[in-house]
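Participant: Numbering (our numbering), first residue to last: 8 to 655.
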Ligand SMILES: Nc1ncnc2c1ncn2[C@@H]1O[C@H](COP(=O)(O)OP(=O)(O)OP(=O)(O)O)[C@@H](O)[C@H]1O
């Protein structure tokens with residue numbers, strides 16, 4: 008802006024004040040001080056008062072003057088009904104057109120408006136799009152009596168003043184509630200109309216950028232909008248495994264379980280773990296539809312009902328990320344024998360530690376499996392210690408700590424997979440106390456780690472000392488000491504506990520904890536992206552229910568007429584774009600942006616052209632969103648099921 012625009016004289020001329028002289032001016036506070044905080048003409052002859060503290064004009068005096076800013080002749084007609092507000096500032100802003108965001112409608116401009124320093128049209132350029140307002144005096148920037156508060160400096164104080172989640176609905180179509188709650192953000196501006204909080208536009212696509220900061224915008228690719236391909240593939244494979252069925256498996260349907268699918272990778276009848284051959288099946292619960300892993304102990308005959316009841320009562324309390332949760336146990340004769348079944352959480356595509364580390368590489372049975380890296384071993388130690396801590400604190404013992412009964416459910420993530428079984432099976436014959444069983448847990452834990460470190464199954468570890476000595480070549484003394492401590496019997500009169508081990512491996516625990524937090528951060532980042540995609544997907548689904556539908560509720564070609572026609576053209580604009588040479592434009596960024604703008608109902612204009620180029624509609628996303636909502640609501644009214652979410 009030209010410097011002259013800010014001169015106090017000019018300002019006064021614009022507001023229609025008569026030129027005052029000498030002493031009179033000295034009493035009047037210079038408007039440049041009011042508006043800009045200083046007056047560059049102070050030392051160049053500006054005759055107004057530049058000391059804000061000097062002679063503040065008494066409120067009563069103002070109304071007595073023939074010409075003053077609150078004089079009714081300067082008050083726009085549209086504002087007269089509002090309670091008169093005392094102000095010593097320029098009336099220019101008061102008579103300026105009330106700001107209305109583009110596309111909301113034509114603001115009712117007062118007819119007597121004089122040339123204005125404040126050009127609302129210009130102010131709009133600073134307004135964040137889709138900024139819904141209920142107070143037409145506000146336009147997204149703090150604006151009152153000619154004062155312009157830089158929204159960007161204001162944001163700092165806003166950040167701390169942001170309302171707690173739940174105070175308003177981020178997904179609300181209208182944000183008037185926000186405007187109303189704006190008052191609390193400007194307590195210091197009590198005398199001014201409160202401007203609404205400028206909320207970030209929650210509806211617009213907002214991918215996080217923490218993890219790809221090194222990329223320039225033009226280097227972004229489609230996959231930047233989605234989770235990494237590897238992660239997606241892994242999750243999809245797991246989903247596929249969960250849904251897998253085997254129609255002619257010959258497996259029975261149990262009372263409340265169906266679609267049994269065998270998970271065992273060999274059909275050896277191995278009785279070493281429980282004293283009975285055991286089999287694992289994936290099955291779907293008929294009541295909940297969820298999938299579980301059922302472990303069946305073949306040929307087990309239950310003699311004491313209390314065994315299941317009392318053991319399960321205790322084990323159902325155990326919730327730990329390193330233990331596969333056990334839900335129930337029951338007996339069945341559906342397999343043609345008397346079987347005991349345990350229902351566990353199902354972890355698709357898991358492998359036992361035995362399969363992962365102790366079996367020769369597939370297709371090469373002469374080559375020993377490669378050694379488990381030390382950091383992976385420490386990860387296992389931390390997770391098993393975590394599991395044992397919970398189990399032992401609940402006065403239980405894990406008992407089944409074998410490589411074939413610990414499953415790997417994700418990258419280096421393990422879980423004890425056969426808890427509670429031995430407690431039921433040996434309910435009547437067990438003669439050991441829980442403390443003794445817990446001591447045994449520690450020894451089994453040590454043998455398990457030793458087995459993984461040496462590559463020999465626990466049953467083959469006959470010379471423990473030799474195996475421990477061999478660790479020195481591959482692993483740190485720290486690891487060797489931890490394993491030796493676990494396996495060694497406690498000193499007479501002493502007992503070892505899992506707490507002792509946890510204190511001893513605290514540094515490894517913190518390393519593992521940190522890695523797990525980092526992993527969590529990364530997943531959170533991908534989750535945030537998928538949140539955006541989920542929203543866009545819902546909007547696309549809604550749009551697809553409307554366009555090309557045909558007739559509805561007796562209206563012929565409903566989807567080709569009225570609002571629906573424009574939505575159809577919008578669909579073309581978003582998804583069927585072509586280049587000048589007719590080649591399809593498949594920019595995913597364009598699709599995501601348009602759909603999220605639609606969801607946000609921003610005030611940006613969009614031109615929709617019919618396919619024959621005969622008709623062009625120029626409208627805002629806000630208008631389109633209204634059409635979209637109207638059309639969809641009409642559909643909902645005619646539907647049997649009602650609003651989405653009421654049914655699946
Ligand atoms: N909760 C579970 N969720 C998903 N898969 C599981 C679960 N528990 C076990 N499995 C899988 O079932 C398969 C068979 O497990 P099992 O414990 O019978 O191993 P195994 O090597 O056959 O042992 P054994 O020789 O003692 O029968 C393994 O591949 C294992 O990963």
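Note that CB positions come from ideal geometry on N, CA and C, so glycine has one too.
By the three-class DSSP mapping on this structure, what secondary structure does residue 281 have?
Facilitator: Your numbering for residue 281 matches position 274 in the chain shown. In this structure, residue 281 counts as coil in the three-state DSSP scheme.
Participant: Keeping to the same chain, check which residues put their C-beta closer than 7 Å to that of residue 391; ignore five residues upstream and five downstream.
Facilitator: Position 384 of the chain shown, counting from 1, holds the residue named residue 391. Here the set comprises 329 and 452.
Participant: Below 8 Å on the Cβ atoms is my guess for residue 512 versus residue 388; work out the distance and round it to an integer in Å.
Facilitator: To locate residue 512, count along the chain shown from 1; it is residue 505. To locate residue 388, count along the chain shown from 1; it is residue 381. About 6 Å separates the two Cβ atoms, so the contact holds.
Participant: Tell me which residues share the same chain as residue 176 and place their Cβ nearer than 7 Å to its Cβ, disregarding the 5 neighbours each side in the sequence.
Facilitator: Mapped onto the chain shown, residue 176 falls at position 169. At residue 176, the pLDDT of 43 sits below 50, so the modelled position is not reliable; the number obtained from the coordinates is stated separately. Cβ neighbours of residue 176 beyond the five flanking positions: none.
Participant: Curious, which full-length beta strand (DSSP E) runs of at least 3 residues does the stretch 311–355 contain?
Facilitator: Runs of the beta strand (DSSP E) inside the stretch 311–355: 333–339 and 346–352.
Participant: On the criterion of 16 or more Cβ atoms from any shown chain inside 10 Å, does residue 410 qualify as buried, or is it exposed?
Facilitator: If you number the chain shown from 1, residue 410 lands on position 403. Classification of residue 410: buried, given that the 10 Å Cβ count is 16 or more.
Participant: What did DSSP end up calling residue 645 once you bin it into helix, strand or coil?
Facilitator: The sequence position of residue 645 within the chain shown is 638, counting from 1. Correct three-state label for residue 645: helix.
Participant: Taking contact to mean at least 3 C-beta pairs separated by less than 8 Å, is the stretch 502–509 in contact with the stretch 564–573?
Facilitator: With a cut-off of 8 Å, the stretch 564–573 and the stretch 502–509 do not count as touching, because too few Cβ pairs lie within range.
Participant: Find the nearest neighbour of residue 544 within the set 585, 379, 603 and 493, judged by alpha-carbon distance.
Facilitator: Translated into the one-based positions of the chain shown, residue 544 becomes position 537. Of 585, 379, 603 and 493, the residue nearest in Cα terms is 603.
Participant: What does the alpha-carbon distance come out to for the pair residue 255 and residue 476?
Facilitator: Locating residue 255 in the chain shown gives position 248, counting from the first residue. Locating residue 476 in the chain shown gives position 469, counting from the first residue. Rounded to the nearest angstrom, the two C-alpha atoms are 51 Å apart.
Participant: Less than 8 Å between the C-beta atoms of residue 314 and residue 441, yes or no?
Facilitator: In the chain shown, counting from the first residue as 1, residue 314 sits at position 307. In the chain shown, counting from the first residue as 1, residue 441 sits at position 434. Not closer than 8 Å, so no.
Participant: Which same chain residues end up closer than 6 Å to residue 198 when comparing Cβ atoms and leaving out the 5 residues on each side of it in sequence?
Facilitator: Taking the chain shown and counting its residues from 1, one reaches residue 198 at position 191. Residue placement at residue 198 is flagged as unreliable, the pLDDT there being 41, under the threshold of 50; the coordinate-derived value follows with that caveat. Nothing listed; no residue qualifies.
Participant: Please report the straight-line C-alpha distance between residue 491 and residue 333, rounded to a whole angstrom.
Facilitator: Along the chain shown, read from residue 1 onward, the residue named residue 491 stands at position 484. Along the chain shown, read from residue 1 onward, the residue named residue 333 stands at position 326. Spanning the two alpha carbons is a distance of roughly 31 Å.
Participant: For residue 263 and residue 299, what's the separation of their Cα atoms in angstroms?
Facilitator: The residue you call residue 263 lines up with position 256 of the chain shown. The residue you call residue 299 lines up with position 292 of the chain shown. Their Cα atoms are separated by approximately 12 Å.
Participant: Return the residue from the list 556, 634, 614 and 618 that minimises the CA-CA distance to residue 625.
Facilitator: For the purposes of this step, residue 625 is taken as the residue at position 618 of the chain shown. Of the listed residues, the one whose Cα sits closest to residue 625 is 614.
Participant: Which residues does DSSP pair with residue 302 in a beta bridge?
Facilitator: The residue you call residue 302 lines up with position 295 of the chain shown. 287 and 349, per the DSSP bridge assignment.
Participant: Mind checking residue 276: buried by the 16 CB within 10 Å criterion, or exposed?
Facilitator: Reading the chain shown from its first residue, position 269 is the one you call residue 276. Exposed is the call here.
Participant: Buried or exposed for residue 642, please, with buried defined as at least 16 other CB atoms from any protein chain shown within 10 angstroms of its CB.
Facilitator: In the chain shown, counting from the first residue as 1, residue 642 sits at position 635. Buried.
Participant: In chain order, what residues of the same chain lie with their CB nearer than 6 Å to the CB of residue 467, ignoring the 5 residues before and after it?
Facilitator: Here residue 467 refers to the residue found at position 460 when the chain shown is read from its first residue. Cβ neighbours of residue 467 beyond the five flanking positions: none.
Participant: DSSP three-state label for residue 152, please.
Facilitator: Walking along the chain shown from the start, residue 152 turns up at place 145. Note on residue 152: pLDDT 36, under 50, position unreliable in the model; the coordinate value appears next. Looking at residue 152 - three-state DSSP - the assignment turns out to be coil, as it is neither helix nor strand.
Participant: CB residue 401 to CB residue 325, shorter than 8 Å?
Facilitator: For the purposes of this step, residue 401 is identified with residue 394 of the chain shown, where counting begins at 1. For the purposes of this step, residue 325 is identified with residue 318 of the chain shown, where counting begins at 1. Yes, the pair counts as a contact, with Cβ atoms nearer than the cut-off.
Participant: What is the residue span of the alpha helix (DSSP H) that residue 452 lies within?
Facilitator: The residue given as residue 452 occupies position 445 in the chain shown. Where residue 452 is concerned, the enclosing alpha helix (DSSP H) stretches over 441–461.
Participant: What residue range is occupied by the uninterrupted alpha helix (DSSP H) comprising residue 597?
Facilitator: Walking along the chain shown from the start, residue 597 turns up at place 590. Looking at the DSSP string, the run of the alpha helix (DSSP H) that includes residue 597 is 595–607.
Participant: Hey, how far is the Cα of residue 338 from the Cα of residue 353?
Facilitator: As a working mapping, residue 338 is identified with position 331 in the chain shown. As a working mapping, residue 353 is identified with position 346 in the chain shown. Each residue's Cα considered, the two are about 19 Å apart.
Participant: Give me whichever residues DSSP pairs with residue 614 in a beta bridge.
Facilitator: Numbered from 1 along the chain shown, position 607 holds the residue referred to as residue 614. 625.
Participant: Smallest Cα separation from residue 547: which of 578, 460 and 237?
Facilitator: In the chain shown, residue 547 corresponds to position 540, counting from 1. Of the candidates 578, 460 and 237, the one whose C-alpha sits nearest the C-alpha of residue 547 is 578.
Participant: Using a threshold of 8 Å, state whether the C-beta atoms of residue 302 and residue 346 are closer than that.
Facilitator: Here residue 302 refers to the residue found at position 295 of the chain shown. Here residue 346 refers to the residue found at position 339 of the chain shown. Going by C-beta atoms, residue 302 is not nearer than 8 Å to residue 346.
Participant: Buried or exposed: where does residue 585 fall if 16 or more other Cβ atoms within 10 Å of its Cβ makes it buried?
Facilitator: Sequence index remark: in the chain shown, residue 585 carries index 578 (1-based). Exposed.
Participant: On the DSSP letters alone, give me the boundaries of the alpha helix (DSSP H) that residue 533 sits inside.
Facilitator: On the chain shown, residue 533 is found 526 positions in, with the first residue counted as 1. Looking at the DSSP string, the run of the alpha helix (DSSP H) that includes residue 533 is 513–553.
Participant: Quick check: the Cα distance between residue 479 and residue 487, rounded to an integer number of angstroms?
Facilitator: The residue given as residue 479 occupies position 472 in the chain shown. The residue given as residue 487 occupies position 480 in the chain shown. Residue 479 and residue 487: Cα-Cα distance of roughly 7 Å.
Participant: Quick one: does the C-beta of residue 424 sit closer than 7 Å to a heavy atom of ligand 1?
Facilitator: Translated into the one-based positions of the chain shown, residue 424 becomes position 417. Because some heavy atom of ligand 1 lies under 7 Å away, the Cβ of residue 424 counts as near it: yes.
Participant: Using CA coordinates, which residue listed in 464, 529, 631 and 446 is at the minimum distance from residue 503?
Facilitator: Stepping through the chain shown from its first residue, residue 503 is reached at position 496. When each option's Cα is compared against that of residue 503, the closest is 446.
Participant: Is there at least one non-hydrogen atom of ligand 1 closer than 7 Å to the beta-carbon of residue 273?
Facilitator: Stepping through the chain shown from its first residue, residue 273 is reached at position 266. The answer is yes for residue 273.
Participant: With a Cβ-Cβ cutoff of 8 Å, do residue 427 and residue 322 count as a contact?
Facilitator: Translated into the one-based positions of the chain shown, residue 427 becomes position 420. Translated into the one-based positions of the chain shown, residue 322 becomes position 315. Yes, the pair counts as a contact, with Cβ atoms nearer than the cut-off.
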